[in-house]
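Residue numbers for the sequence shown follow the working numbering, so the first one is 8 and each next one is one higher.
Let me begin by presenting the structure, written as structure tokens, before commenting on it.
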Amino acid sequence: MSSADSRRIVSSGLLPGEVNGFVQKVHSPHSSPNDPVEGEIQAFLIDEDQLHTYDDLTKVNPVTTSTVLKCLQARYSAKVFYTHAGCTLVALNPFEPIPDLYSLDVMKEYHGAPQPQEFKPHIFIVAEEAYRNVQGQLEPVNQSLVVSGESGAGKTWTSRCLMKYYATVAASSSVVKSQDTVERIERRVLDSNPIMEAFGNACTLRNNNSSRFGKYIQLQLDRCQLLVGASVQTYLLEKTRVACQLANERNFHIFYQMMKGATDEQRKEWKMPRSRSFVWLPNAEKTVDEDCFDETVEAMVHLGINAERQRQIFRILAGILQLGNVNFSFSTDESQPCDLDEQSKDFWQRAAELLCVTAEELRTCLRVRTLKAGKQSVLKPCSQAECSMRRDCLAKVIYAQLFDWLVTFINNSMCADKSMWCNFIGVLDVYGFECFQINNLEQLCINYANEKLQQHFVAHYLKAQQEEYVSEGLEWSFVKYQDNQRCLDLLEGSPVSVFSLLNEESRLNRVSDAKTFMARLEKELCVNANVSWDKFSKVPHFTVAHYAGKVNYQIERMVEKNKDPVPPELTHLLQKSDNPLLRQIFSDKETENTTSKGLSRVTVVSKFKNSLESLMKILHTTTPHYTRCIKPNPECKPLTFKKEEVILQLEACGIVETIHISAAGFPIRIPFKSFLQRYGLIAKYLIFKSGSVDVEADRSDTLRQEVEKLLRVVLQHKAFDPSHNRDCDKPNSWVHCGRTKVFLTQLMLDPLEDQRKKILSQCAFSIQCCWLRFQRRRRHARQRSATLIQAAVRSWLLRRQLQRCNRAAAVIQTAWRKRRALLKSLAEAELDDAMDLAEEDLPALNAVIRERGSVQLSSLQEPVTVRGWPMGLALASAPSITMSLTATGFQKMMSVLASLNVPSRRREYKVKPNQYSQELASIRAQPKGSVKLHYQRSPLLYADTQPDIKRDVTGFNAILLEKTL
């Protein structure tokens, strides 16, 4: 089921139970002047102020070419450029920028809308419908957006807007982890446009940015509808434009971008000074919006084409332009090759240098051809015309291969692996219908492609839908439409057609004659009414009646263009080029030619026909969405509407017939079983007396009965819904049950979808409530379990910690007791006969000193005994003072340290005990009586050192022997 076909249908009501039966009457688009419909037309056109409000042409009553044309003109004057026409969107080209019509805010508005069809017609509605249909109502379906119209109608701009919309939508809906990837891909998808347009578009008589090739872009989406890649398929590049441009037309955009946007340094490298003109660069003074060299270079950088590769590309393009200025003089001697003009020799040298080939080999390949006679090769000089043809052929084959390489590079840079994407949205942008003063093979192929697309539209919509209505039992009056099958039979039919005869003539090993080929066409195709000849014309030609009008095609050079011969000498020359890119391109070409050796020659027509057939297969497997671009005036003037120009396009593409079928028919068709599978739940949850619906039924009659029962339930529910207006023209035009399918209008599909969403929301709410209740209960149980576990663990940890602390305290106490006992035993061993010292009579000490263990300073001139129990020291007489230290009892050494900091009249003496600085053990033998020490005669360290003003005394040694002065 495609929502692309779901457009605004004429509102009407349907009573409960009125499901079957359908009577449809439509106005013929070809009404006679005396028809009563003329009165209705005049009555409709009276209120011209309201014509611009018809955003869907199916609402126009009556539907005729005049009423449709008037509505489009009124909307165009009101600067409203998009209008729905049933399943098709009509887009009128304003030929001027319209601010805020394609802004990011507008994209977000259409993308976020619950029902985009309720908004004003816009190309973004078609894009959003296709995007939502990828995850379709029944199953994922690939989508195709077919943009058609004449040259200059705005197809390229429309395709550009579609790609920008999808890149924005995919990026805005991406998740964080894939945001970088999406931005990279969407940037590359958008950057592919400037490169493709620069190398494939040109300024023609009908359009300043005409696509000279066709392209089908596949936007690859994953299951989350994120843009993960893209690929481009191209069709029939008009490479003859490189060497031949019609009057007032231009070459491809890239050449003019180089001329106008290159820096002085680049011009010097490319040998393209500003004053130089090139034959293949006509109308260089004309400026168009696409002449933006910096944008093309920036897009190349984003796609991964590095600076060196860009340099190689632009040198090749500059070499092609230099070739265009190479001319040959006429040779009077056929055995001698043509000489170059004097003015051409410099261009020949520059072309060889830029193409990185030897100048002599280039000149030889252009002037001499190689003929094979068995195993021998014969060199034959070329005539002046043949030299020019070989020069043009060299330029065309280089440009065509460079274009193919660019397309391949773009695909490699943005195409995703098949495992990463599951669906795609295709955007088809092909050259529009063309009719020039001189039309040849290029125009024949372009118009043939447009005929195929028109046939796809007719077969898919105008013809197939009406035939399906009849086969399903609907009472239907056929709407006449223009079928182009005869024209296609003329061009590609079997066994005889224009293409088959052209291919036969091209495969003959002889020079083709235009008059002879024209005579053969007349003989073989005279029975077809779509071809004609002007026997009074001197130029051989034939006229084809296309769906968009008659076109005269010249036969001259058509066979040669179809052959598209490339002399092997030119290919071998380019394979030896010092330009790595040029050598790579033609090495690949040689590989392709080797693999196809022995097969019949592939002509341009057969190659294009095969590629177009593969495109049509893709379109037939996708859901199409049609956009018809209309060119309001041939001069491309802004906001200028010419009725004659527009009415021809409306009649050619069948807009009026499309409106008739869309307004009267059922654009949505669903098989019974699929309908029950999707909407059967509605009857289960709506409380009515009708009972439930058997969704598992298999028989066709049973399925039909169940579908009718379901529709009665829905319609009864809808009938009691005051929000729906039941004032309608026909009571049963919303829905019809056929033999195998249900036919619906959008007015019937909307309540079905709304009711289904409402029931699914209720079910989802119930599931959420049960799930939340289950989660809360589980969370509560887990919290209780966690609390018990935590309590048990905490008690166990605390118990274990206390046990460890008790064990550690016991170990510490045991170790401390052992150490204290050891220290006590060591002290007792050192003090030997300490009891004898305790019994010795010692001078009485001052009570305060005894209590504090402090130091007394004495003014005695002679040395005194210094006692510090359990040791004794003697100090010699100092220059100015003497010191007496008495400490009894078991005093800490800190009191001794504090007492040895002695002030002096001249300076301060700093005394440190040797036990700490000199690492000398304390006295082990208890001295009897006083120990006297004379500094000069002491054999110990520091013992002979007098405390004078020049040095500091840092400590005294303990003496082990009794010594007197």
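We put the CB at the ideal spot given by N, CA and C, even for glycine.
Strand pairing of residue i, partner residues [DSSP]
| i | result |
| --- | --- |
| R376 | K387 |
| L99 | I637 |
| P123 | Answer is none; P123 lacks a bridge partner. |
| E157 | F440 |
| N586 | The partner list for N586 (beta bridge, DSSP) is empty, contrary to what the question assumes. |
| Y560 | F549 |
| Y172 | Per DSSP, none; premise fails for Y172. |
| R676 | F750 |
| F262 | None; F262 has no bridge partner. |
Cβ-Cβ distance between residue i and residue j below 8 Å
| i | j | result |
| --- | --- | --- |
| K616 | F506 | yes |
| G661 | V465 | yes |
| V663 | V75 | yes |
| N140 | T630 | yes |
| V414 | T241 | yes |
| L654 | G93 | Per the sequence shown, the amino acid found at residue 654 is Ile instead of Leu. Cβ distance not < 8 Å, so I654 and G93 don't count as in contact. |
| Y246 | Y406 | The sequence shown places Lys at residue 246, rather than the Tyr named in the question. Going by C-beta atoms, K246 is nearer than 8 Å to Y406. |
| V721 | P758 | yes |
| Q319 | N586 | yes |
| R635 | V97 | yes |
| I796 | L688 | no |
| F220 | G236 | no |
| A209 | M279 | no |
| V551 | L497 | yes |
| Y173 | Y138 | yes |
| L111 | R195 | no |
| V176 | S166 | no |
| I323 | L373 | no |
| F440 | N454 | yes |
Residues near residue i by beta carbon distance below 7 Å, same chain, minus five either side
| i | result |
| --- | --- |
| L386 | V375 and T377 |
| R827 | none |
| G682 | Checking the displayed sequence, the identity of residue 682 turns out to be Phe instead of Gly. Contacts found: V714 and V749. |
| K522 | P547 |
| T602 | In this prediction, T602 scores a pLDDT of 42, lower than 50, which makes its location untrustworthy; no coordinate-derived value is stated. |
Cutoff 6 Å; reference residue i; Cβ partners in own chain excluding five residues on either side
| i | result |
| --- | --- |
| Q656 | I637 |
| W412 | I592 |
| A359 | A366 and L369 |
Nonlocal neighbours in the same chain, by C-beta distance under 8 Å from residue i, ignoring five residues either side
| i | result |
| --- | --- |
| K127 | D62, V87 and Y89 |
| K275 | none |
| R763 | R685, Y686, L688 and I689 |
Simplified DSSP assignment, three categories, for residue i
| i | result |
| --- | --- |
| A466 | helix |
| V67 | coil |
| E482 | strand |
| P1010 | Lying outside 8 to 972, the shown extent of the chain, residue 1010 is not represented and no answer is given. |
| V818 | helix |
| L362 | helix |
| N430 | strand |
| C660 | helix |
| L253 | coil |
| T6 | Because residue 6 is not part of the residues shown, which for the chain are 8 to 972, the question remains open. |
| D840 | Residue placement at D840 cannot be trusted, given a pLDDT of 47 that sits under 50; what the coordinates show is reported in the next sentence. Correct three-state label for D840: coil. |
| N813 | helix |
| L710 | helix |
| H743 | strand |
| A92 | strand |
| A894 | Note that A894 scores a pLDDT of 43, beneath 50, so its modelled location is shaky and nothing firm can be said. |
| S507 | helix |
| P870 | Only weak support is given to the placement of P870: the predicted model assigns it a pLDDT of 44, under 50, and the value that follows is read from those uncertain coordinates. Looking at P870 - three-state DSSP - the assignment turns out to be coil, as it is neither helix nor strand. |
Nearest candidate by alpha-carbon position, reference residue i, set the options
| i | options | result |
| --- | --- | --- |
| L481 | A325, D353 and V749 | V749 |
| Y633 | L330, T72, T95 and K66 | T95 |
| N215 | Q317, V249, F259 and S238 | F259 |
| Q472 | Q383, R676, S613 and S218 | R676 |
| N418 | V239, T752, S158 and R281 | V239 |
| E204 | Q492, I327, A306 and R783 | A306 |
| K425 | F321, V612 and Q227 | Q227 |
Proximity test, Cβ basis, 8 Å: residue i and chain C
| i | result |
| --- | --- |
| V558 | Of the protein chains in this structure there is only one, and it is not chain C. |
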